[in-house]
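I have placed the structure first, in the form of structure tokens, so that the comments after it can refer back to it.
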Amino acid sequence: MCGIIGYTGPREPVGVVLEALSRLEYRGYDSSGIAFFRDKGEVAVARASGKLSRLVEALEGISGLAGSAIGHIRWATHGAPTEENAHPHRSGPIVLVHNGIIENEKELRLDLEEEGFTFTSETDTEVLAHLVLKAFLESGNLTDAVRKGLEKVEGSYAIAVMCEARPGELVAVRKGAPLVLGEAGGEFFIASDVPAFLKWTRKVMPLPPEVVATISPSGLTLQGSKDGRTVSPRFEEVPWDPVQAEKGAFRHYMEKEIFEGPRAIMDTLEGRLGEDNTRVFLPELVRLGPNPPEIVFVACGTSYHAALLGRRMIESLSPVSVHVEISSEFRYRPLRYRKGAWVIGISQSGETADTLGALDLARREGFLTIGMTNVAGSSITRDTEAVLLTRAGPEIGVASTKAFMAQVTLVWLIALYLGRRESREVKESLSGLVRAPARLEGFLGSFDSDAISLMARKILDSRFVIFIGRGLDYPLAIEGALKLKEITYRPADGYPGGELKHGPIALVEPGVLVIAPLIDPDLRPKELSNIREIEARGGTVLTIGPARASKEFSPSFPLPDCIGWEGVFSASSVLQLLAYHAANLAGTDVDQPRNLAKSVTVE
Ligand code: M6R
């Protein structure tokens, strides 16, 4: 996971790198560090364990010389999150930052120790610093040293390297971990993700794997790391607005991103509906040929929950059968799907190692693979036959919110695309989707935050929170539980309502809170009888559902009345806001919950 940044240009580099790191904090926040030229020929390295603010404090009043600088924010894999293990790592004049995992680290470390290199950290990264130094001492050329130094390295890496002997020069290369280049009139950025440098430039180029980028005062050159071939740089302008990556008047990114849900839906629909909103256009899928016999979704976490909703939607509107698999489980099973099945990986970041691995396996087994992601240029977009982009804009909060809305929009579009255009179900469903963003916006605009705060308080008073749902409400229930767990650290779990009697109902007693989204019109009577079973055993049930959906109940948190699936969006917003308010009451770090990272780039 971790985030890396490199800068070379005329600006004072410490401020630039620290600011860029603050945009990458969502990737990890166990420790951080920076390297910059303090004097000509002298690279200063500063590192701190804990949040980035500790590094910022340590560097107060310190500035560097214009030229190159690198920075790192860590999510610990090899070695504890101590200052010694924080990056950058140094070997003589070579200083580097790394994101990824070196699989043959032990063996390389032993060889280097035998050759007399000493190690000062437990990280796999230090091996890279020594290997590059060894090669640099032979050639005196930093680019060649990086190419040669990495020859025997197995695993994944994205690195940025600077050298005391070469101010203004920066070398970067990646394999299996993301890295993007940014260019702004003669100054260059290297980063794990675009938001890091969005403030300074929108001219972006994903660095192809195993291509070494060398940035020097004379510009950028790209060279194949194995064959030395020259690669031409091709920068493109990303449509992201830098303001989208700012918190604005909101207290947290998560809160801002929840309120950006309607925009995420609208932008994801943009250009995909005909002028009169009666047709769905997904040219990315047209290229793949006729409808597949089966679809297999692979995803993790919140993206997996979006896929579960997708299954329900696709199977309701089309004859295509759908499987939904957790990427990390899918990777290690034989794939017995029908010939011609599409395997669709859903990943907000496009960098989740397990989802990339699952897609890779599916491709090797001869299936057509499709990447659905929010990040143009991410790894998933390079390794799949077709790419479907959600357009939620940069999502910074670790808890996924607006990206989920965009994913649900896109799976809903796929369902409509696969369904029969003339059918009444497809027509009605499409008009529901078309009006969904405006309705969600209206709902969020008149939101009863007192009611949410009251429910959030009840959540904190409960020993354990159970979320239940059937049909469309089941993915919402497990998504609600995930959101609550990850940012409040409170025990919570989601179950299909019908499963309760097979075990989980044993947990129900006075003092236990159950939350039930109730937006699936088809299964509502069955959901209501599950609720009665819980109440009969002393559990407290909070329901989230359309205000006038049923004579039999009035929901604890009423949603606007809706026909069909639009309730998925409003109910999800309520669940997100519930978790958000509960976390605020609990005083946890909402945007950077403990132990988590935004992109899980390790298996
Ligand atoms: O980037 P991805 O969509 O592949 O990420 C998958 C999960 O790691 C992610 O959804 C995670 O569960 C979120 N933190 C949930 O809020």
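Numbering follows the working numbering, in which position 382 of the sequence shown is assigned residue number 378; successive positions increment by one, without gaps.
Glycine included, every Cβ here is placed at the ideal spot set by N, Cα and C.
For clarity, every value in this text was computed on a predicted model and none was experimentally measured.
Ligand 1 heavy atom lying under 7 Å from the CB of residue i
i: G297; result: yes
i: K479; result: yes
i: V596; result: yes
i: A372; result: no
i: L203; result: no
i: A395; result: yes
i: S221; result: no
i: E600; result: Because the chain is modelled from -3 through 599, residue 600 falls outside the range shown and cannot be assessed.
i: S135; result: no
i: E482; result: yes
i: S27; result: no
i: Q344; result: yes
i: L385; result: no
i: L592; result: yes
i: T351; result: yes
i: T380; result: no
i: T348; result: yes
Identity of the residues DSSP links to residue i by a beta bridge
i: N95; result: A154
i: P542; result: L555
i: H83; result: Paired residues: none, contrary to the question.
i: F32; result: A40, A65
i: R184; result: Sequence check: residue 184 is Phe here, not Arg. DSSP, once it has assigned bridges, lists T4, E179 as partnering F184.
i: A295; result: I322, I342
i: R143; result: The partner list for R143 (beta bridge, DSSP) is empty, contrary to what the question assumes.
i: L166; result: I211
i: S27; result: S45, R70
Nearest-angstrom Cβ-Cβ length linking residue i and residue j, presumed shorter than 8 Å
i: G215; j: V207; result: Not confirmed; about 16 Å, so no contact.
i: A82; j: G29; result: 5 Å
i: G428; j: G257; result: Going by Cβ atoms, the distance from G428 to G257 rounds to 16 Å, so no, they are not a contact pair.
i: D587; j: V371; result: D587 to V371, Cβ: 18 Å. No contact.
i: I66; j: V128; result: Actually they are not in contact, since the Cβ atoms of I66 and V128 sit about 13 Å apart, beyond 8 Å.
i: N95; j: G172; result: At roughly 10 Å, the Cβ-Cβ gap does not stay under 8 Å, so N95 and G172 are not in contact.
i: S449; j: H577; result: 5 Å
i: T373; j: V169; result: Looking at the sequence itself, residue 373 is Gly, so the reference to Thr does not match. G373 to V169, Cβ: 17 Å. No contact.
i: A600; j: I261; result: There is no way to answer for residue 600, as the model of the chain reaches only from -3 to 599.
i: F460; j: L503; result: 6 Å
i: Y485; j: T386; result: Not really, about 28 Å apart at Cβ, beyond 8 Å.
Reference residue i, options the options, closest by Cα
i: K195; options: S566, D444, V234, K144; result: V234
i: N100; options: P500, A488, L124; result: L124
i: S147; options: I69, D223, I291; result: The sequence as given places Glu at residue 147; Ser does not occur at that position. Nearest of I69, D223, I291 to E147, Cα basis: D223.
i: G285; options: I186, G336, V41, V564; result: G336
i: I483; options: E266, V227, S396; result: S396
i: G476; options: E421, L440, W236, A575; result: A575
i: N287; options: I392, L414, L581, G306; result: L414
i: S569; options: E109, L440, A532, S228; result: L440
i: I322; options: A65, L313, T348; result: T348
i: I507; options: R520, G535, K481; result: Per the sequence shown, residue 507 should be read as Gly rather than Ile. Considering only alpha carbons, the answer is G535.
i: V537; options: A245, P330, I501, E325; result: I501
i: S202; options: I376, I392, H301; result: Looking at the sequence provided, one finds Pro at residue 202 rather than Ser. Of the listed residues, the one whose Cα sits closest to P202 is I376.
i: T139; options: M158, S152, Y153; result: M158
i: G2; options: G57, R283, G178; result: G178
i: R86; options: A156, P289, G60, G57; result: A156
i: R162; options: M309, E38, V461; result: E38
i: I291; options: L364, R327, S299; result: L364
i: V142; options: A209, D107, K547; result: A209
i: R332; options: E361, D350, S317, G341; result: E361
i: E160; options: V504, L61, L514; result: L61
i: R520; options: T116, I540, H319; result: I540
i: G63; options: G11, E311, M309, L524; result: G11
i: G493; options: I464, A180, I515; result: I464
i: I340; options: S312, A295, A399, W408; result: A295
i: E79; options: A154, L104, L385, R43; result: R43
i: A473; options: T121, I98, D350, H301; result: H301
i: R329; options: L357, Y153, E381, S312; result: L357
i: M250; options: G5, I310, K479; result: K479
i: E280; options: E424, A399, T380, E562; result: T380
i: A16; options: K102, F185, D272; result: F185
i: I366; options: L278, R453, T584; result: L278
i: V407; options: V318, Y153, G88; result: V318
i: I392; options: S552, L14, L20; result: L20
i: R275; options: G151, V430, P205; result: V430
Contact with chain D by residue i, beta-carbon distance below 8 Å
i: V200; result: The chain inventory of the structure shown lacks chain D, comprising one protein chain alone.
As an exercise, report each continuous alpha helix (DSSP H) stretch of at least 4 residues that is fully enclosed by the region 460 to 536, in chain order.
Considered as a whole, the region 460 to 536 harbours 469 to 484, 520 to 532 as its complete alpha helix (DSSP H) runs of no fewer than 4 residues, in chain order.
Contained beta strand (DSSP E) runs [length at least 3] in the region 201 to 279, N- to C-terminal order:
207 to 212, 215 to 220
Alpha helix (DSSP H) runs contained entirely in the region 377 to 438, provided each spans 4 or more residues:
Taking only runs of at least 4 residues, the alpha helix (DSSP H) segments lying wholly in the region 377 to 438 are 398 to 414.
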